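Per my numbering, residue 1 is the first one in the sequence shown, and the count goes up by one each step.
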Amino acid sequence: MSKFNINLHEAIYSLSDALDLVGVTHIHHGKHVAYMAAECGKGMGWSGQRMKELFKAAMLHDCGVSKTTVHSRLAQFEWEKENDHCLIGASLLFTCPLMANLAPIVRHHHTHWSELKEMDLPLEVKLSANCIYMVDRVDVLALGFLVDQSNLLLGSENIRKKILDKRGDWFCPELVDAFMDISRSEAFWLSLENEHVHGYLSSWLTETTIQEMDFQDLRSIVSIFSHVVDAKSSFTKEHSDGVARLSRCIGQLLSLSERTCDMLELAGLLHDIGKLRQPDALLNNPGKLSAEETAQMHRHSFDTYTIIKNIHGLEEISLWAAQHHERVDGTGYPYHLGDGGVSLEARIVAVADVFQALAQERPYRGALPPNEIVKILNGMVEDGKLDRTVVMHVDQNLAICWNAAVGALDHPHT
Numbered sequence: 001m002s003k004f005n006i007n008l009h010e011a012i013y014s015l016s017d018a019l020d021l022v023g024v025t026h027i028h029h030g031k032h033v034a035y036m037a038a039e040c041g042k043g044m045g046w047s048g049q050r051m052k053e054l055f056k057a058a059m060l061h062d063c064g065v066s067k068t069t070v071h072s073r074l075a076q077f078e079w080e081k082e083n084d085h086c087l088i089g090a091s092l093l094f095t096c097p098l099m100a101n102l103a104p105i106v107r108h109h110h111t112h113w114s115e116l117k118e119m120d121l122p123l124e125v126k127l128s129a130n131c132i133y134m135v136d137r138v139d140v141l142a143l144g145f146l147v148d149q150s151n152l153l154l155g156s157e158n159i160r161k162k163i164l165d166k167r168g169d170w171f172c173p174e175l176v177d178a179f180m181d182i183s184r185s186e187a188f189w190l191s192l193e194n195e196h197v198h199g200y201l202s203s204w205l206t207e208t209t210i211q212e213m214d215f216q217d218l219r220s221i222v223s224i225f226s227h228v229v230d231a232k233s234s235f236t237k238e239h240s241d242g243v244a245r246l247s248r249c250i251g252q253l254l255s256l257s258e259r260t261c262d263m264l265e266l267a268g269l270l271h272d273i274g275k276l277r278q279p280d281a282l283l284n285n286p287g288k289l290s291a292e293e294t295a296q297m298h299r300h301s302f303d304t305y306t307i308i309k310n311i312h313g314l315e316e317i318s319l320w321a322a323q324h325h326e327r328v329d330g331t332g333y334p335y336h337l338g339d340g341g342v343s344l345e346a347r348i349v350a351v352a353d354v355f356q357a358l359a360q361e362r363p364y365r366g367a368l369p370p371n372e373i374v375k376i377l378n379g380m381v382e383d384g385k386l387d388r389t390v391v392m393h394v395d396q397n398l399a400i401c402w403n404a405a406v407g408a409l410d411h412p413h414t
């Protein structure tokens with residue numbers, strides 16, 4: 001089994017980058033919450049492993065949010081469906097052995113203290129979840145100032161009063177007291193500005209060393225990324241999983257090494273993570289995209305690269321994932337690399353992406369059967385778009401590739 005040297009903090013930070021894109025304009029929410037939760041934790045006298053878990057959970061607290069419509073509703077101070085994403089996020093984290101301990105915190109990060117304090121949970125979990133809930137609402141109240149680049153100091157007292165009003169009901173009294181103490185300073189609020197919050201968080205990235213992970217552990221982390229993006233639209237459910245399976249399958253058909261096939265699977269899982277920045281309506285558009293919408297869509301693979309490239313050990317995978325819309329004749333995006341600039345592995349992911357997308361229903365057409373898909377792939381080869389050798393292996397092993405692409409979603413068509 002392949003081994004990978006990964007900095008877990010970098011992976012969590014990059015996942016936070018991806019989650020923050022869902023806000024479209026409010027794109028630093030997870031980091032604001034992590035900063036404020038850490039400051040409140042210090043105010044409570046917490047330290048050591050407890051603070052590390054609080055920080056990780058705060059960075060990932062919205063991993064159950066995929067849609068911009070949900071994010072915009074959560075930007076209201078109160079919403080009746082605000083617990084739905086907590087359940088989704090907790091279930092995702094439970095599937096990842098290295099992050100399962102964060103799931104109970106994420107599960108209850110919108111539970112009112114009046115209810116949470118009576119639950120049969122460790123006190124540390126209850127306090128961490130409620131701390132994140134409190135500062136999450138602080139960031140929502142601060143949103144208007146941050147987006148408009150207004151002086152947040154002008155609104156800080158109103159925000160503090162709103163939180164104080166919920167003391168004992170929504171929020172633990174001791175946590176509110178700690179927040180009221182640390183938020184008296186101008187520095188607390190000014191540190192929410194983007195350049196300052198990134199500086200604050202950068203020190204956290206250096207606190208952990210690179211650790212060796214086996215493929216399955218790394219895949220469980222990467223799968224959180226793919227599940228978040230695939231949940232953005234009902235039309236893309238399990239798309240990344242299908243691209244990942246098919247990319248591995250094609251790599252095996254081409255007799256590539258086990259490690260390369262593992263890396264191809266990871267690239268397939270990650271290839272569309274940049275789509276989290278796309279508005280829901282764009283992904284669900286049943287008609288032809290406008291010039292503005294096309295330009296917006298063309299940035300998603302570049303966003304994929306910027307998210308993944310900073311994870312030590314995934315540098316090569318980030319290139320394969322980001323180049324899945326490059327074409328052999330240089331007409332692809334976002335780099336226009338052409339024949340000599342696109343690796344075999346990136347060409348494999350490109351073919352897998354086209355195949356799997358054609359095998360799924362889309363808002364503008366139904367799912368296509370294998371024989372029609374391979375005709376389209378061969379046509380794209382003749383047009384200079386896809387790699388001839390890769391498509392030839394798919395054509396010669398069509399049933400195997402179909403099963404890899406659709407998995408449990410469907411059965412082979414004739």
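Each residue gets a CB set at the ideal place from its N, CA and C atoms; glycine is no exception. Quick caveat, the model's predicted, so the values are computed rather than measured.
May I have the straight-line CA-CA distance separating Leu218 from Asn158, to the nearest angstrom? For the purposes of this step, residue 218 is taken as residue 218 along the sequence shown, with counting starting at 1. For the purposes of this step, residue 158 is taken as residue 158 along the sequence shown, with counting starting at 1. When rounded, the distance between both Cα atoms is 44 Å.
Can you name, in chain order, every residue of its own chain whose Cβ lies under 7 Å from the Cβ of Leu398, other than the five neighbours on each side? Start at 1 with the first residue of the sequence shown, and residue 398 comes out as number 398. Around Leu398: Pro370, Val374.
At least three beta-carbon pairs within less than 8 Å, the stretch 342–361 to the stretch 319–328: yes
Could you say if the stretch 159–174 and the stretch 60–72 meet the contact criterion of at least three C-beta pairs nearer than 8 Å? They do not touch, by the three-pair rule.
Just to check my reading of the structure: His110 and Glu82 have Cβ atoms closer than 8 Å, yes? What is that Cβ distance to the nearest angstrom? Working through the sequence shown from its first residue, we reach residue 110 at position 110. Working through the sequence shown from its first residue, we reach residue 82 at position 82. At roughly 5 Å, the Cβ-Cβ gap stays under 8 Å, so His110 and Glu82 are in contact.
Going by DSSP, what residue range makes up the alpha helix (DSSP H) through Glu157? Taking the first residue of the sequence shown as position 1, residue 157 is located at position 157. Glu157 -> alpha helix (DSSP H) spans 156–165.
Cβ neighbour criterion (16 or more within 10 Å) applied to Thr206: What you label residue 206 is simply residue 206 of the sequence shown in a count that begins at 1. Under this definition Thr206 is an exposed residue.
For the stretch 350–357 against the stretch 238–247, do three or more pairs of beta-carbon atoms, one drawn from each stretch, fall closer than 8 Å, so that the two count as touching? Contact annotation: the stretch 350–357 touches the stretch 238–247, with at least three C-beta pairs closer than 8 Å.
Which of helix, strand or coil DSSP assigns to Ser14: Within the sequence shown, numbered from 1, the residue matching residue 14 stands at position 14. In the structure shown, Ser14 sits in a helix (DSSP, three-state: H, G or I).
Gly199 classed as buried or exposed, judged by whether at least 16 other C-beta atoms fall within 10 angstroms: Taking the first residue of the sequence shown as 1, we reach residue 199 at position 199. Label assigned to Gly199: exposed.
Within its chain, find whatever has a CB closer than 8 Å to the CB of Leu269; leave out the 5 residues flanking it on each side and keep chain order. As a first step, residue 269 is located in the sequence shown; it is residue number 269 there, counting from the start. Correct list, in chain order: Arg219, Val222, Ser223, Phe225, Ser226, Ser240, Asp241, Val243, Ala244.
Counting only runs that start and end within the stretch 183–230, where is the alpha helix (DSSP H) found for 4 or more residues in a row? 186–190, 194–205, 215–230
Out of curiosity, what's the CA-to-CA distance linking Arg388 and Ile376? What you label residue 388 is simply residue 388 of the sequence shown in a count that begins at 1. What you label residue 376 is simply residue 376 of the sequence shown in a count that begins at 1. The straight-line gap from Cα to Cα measures roughly 13 Å.
Does the stretch 267–284 come within contact of the stretch 297–309, defined as at least 3 CB pairs closer than 8 Å? yes
Only counting the same chain, and skipping five residues up and downstream in sequence, which positions put a Cβ closer than 6 Å to that of Ile88? In the sequence shown, the residue the question calls residue 88 occupies position 88. Here the set comprises Gly64.
Cα-Cα separation, Gly48 to Lys288: One-based indexing of the sequence shown puts residue 48 at position 48. One-based indexing of the sequence shown puts residue 288 at position 288. About 53 Å.
So, helix, strand or coil for Ile6, using DSSP? In the sequence shown, residue 6 corresponds to position 6, counting from 1. It is a strand residue.
Under 8 Å between the Cβ atoms of Leu192 and Cys131? The residue given as residue 192 occupies position 192 in the sequence shown. The residue given as residue 131 occupies position 131 in the sequence shown. It is not a contact, given that the beta carbons lie outside the stated cut-off.
Give me the residue from Glu124, Lys67, Lys56, Thr331 with the minimum Cα distance to Leu201. Position 201 of the sequence shown, counting from 1, holds the residue named residue 201. The candidate whose alpha carbon is nearest that of Leu201 is Lys56.
If you draw a straight line from the C-alpha of Ile210 to the C-alpha of Asn5, how long is it? Against the sequence shown, residue 210 aligns to sequence position 210. Against the sequence shown, residue 5 aligns to sequence position 5. So the alpha carbons of these two residues sit roughly 6 Å apart.
Every unbroken beta strand (DSSP E) within the stretch 286–330, with a cutoff of 3 residues, ordered by chain: The stretch 286–330 contains no whole beta strand (DSSP E) run of 3 or more residues.
Kindly indicate which residue of Ala281, Leu123, Pro286 has the alpha-carbon position closest to the one of Lys232. Here residue 232 is taken as the residue at index 232 of the sequence shown, counted from 1. Of the listed residues, the one whose Cα sits closest to Lys232 is Ala281.
When DSSP builds the beta bridges, which residues end up paired with Phe171? Against the sequence shown, residue 171 aligns to sequence position 171. Arg167.
So is His411 buried or exposed if we call it buried at 16+ other beta carbons inside 10 Å? For the purposes of this step, residue 411 is taken as residue 411 along the sequence shown, with counting starting at 1. Model confidence at His411 stands at a pLDDT of 37, short of 50, so the residue's coordinates are unreliable and nothing is read from them.
Beta-ladder partner(s) of Arg362, from DSSP: Here the question's residue 362 lines up with position 362 in the sequence shown. In the DSSP output, where bridge partners are listed per residue, Arg362 has Arg365.
With Lys42 as the anchor, note down where its alpha helix (DSSP H) starts and where it stops. To locate residue 42, count along the sequence shown from 1; it is residue 42. Unbroken alpha helix (DSSP H) run through Lys42: 29–43.
Close beta carbons around Thr208, own chain, < 7 Å, minus the five adjacent residues each side: Reading the sequence shown from its first residue, position 208 is the one you call residue 208. Same-chain partners within the cutoff: Asn7, Leu8, His9.
Check whether the Cβ atoms of Ala75 and Val138 lie closer than 8 Å to each other. Here residue 75 is taken as the residue at index 75 of the sequence shown, counted from 1. Here residue 138 is taken as the residue at index 138 of the sequence shown, counted from 1. Going by C-beta atoms, Ala75 is not nearer than 8 Å to Val138.
Taking all protein chains shown into account, do 16 or more other C-beta atoms lie within 10 angstroms of the C-beta of Gly41, making it buried, or fewer, making it exposed? Counting from one through the sequence shown, the residue named residue 41 turns up at place 41. Buried, since its Cβ has 16 or more Cβ neighbours within 10 Å.
Under 8 Å between C-beta atoms of Ala11 and Val228: For this step, residue 11 is matched to residue 11 along the sequence shown. For this step, residue 228 is matched to residue 228 along the sequence shown. It is not a contact, given that the beta carbons lie outside the stated cut-off.
Quick one: residues in its chain with C-beta nearer than 6 Å to the C-beta of Ser2, no 5 flanking neighbours on either side, listed in chain order? Looking up residue 2 in the sequence shown gives position 2. Only Phe215, Arg259, Asp262 meet the Cβ criterion.
C-beta atoms of Ala367 and Glu361 nearer than 8 Å: Along the sequence shown, read from residue 1 onward, the residue named residue 367 stands at position 367. Along the sequence shown, read from residue 1 onward, the residue named residue 361 stands at position 361. The answer is yes: Cβ separation under 8 Å.
Please classify Asp272: is it buried, with 16 or more other beta-carbons within 10 angstroms of its beta-carbon, or exposed? On the sequence shown, residue 272 is found 272 positions in, with the first residue counted as 1. Counting other Cβ atoms within 10 Å of its Cβ, Asp272 reaches 16 or more and is therefore classed as buried.
What are the start and end residues of the alpha helix (DSSP H) that includes Gly112? Position 112 of the sequence shown, counted from the start, is the residue given in the question as residue 112. Note on identity: in this sequence residue 112 is His, with Gly being the wrong assignment. Note, His112: premise wrong, no alpha helix (DSSP H); not H, not E.
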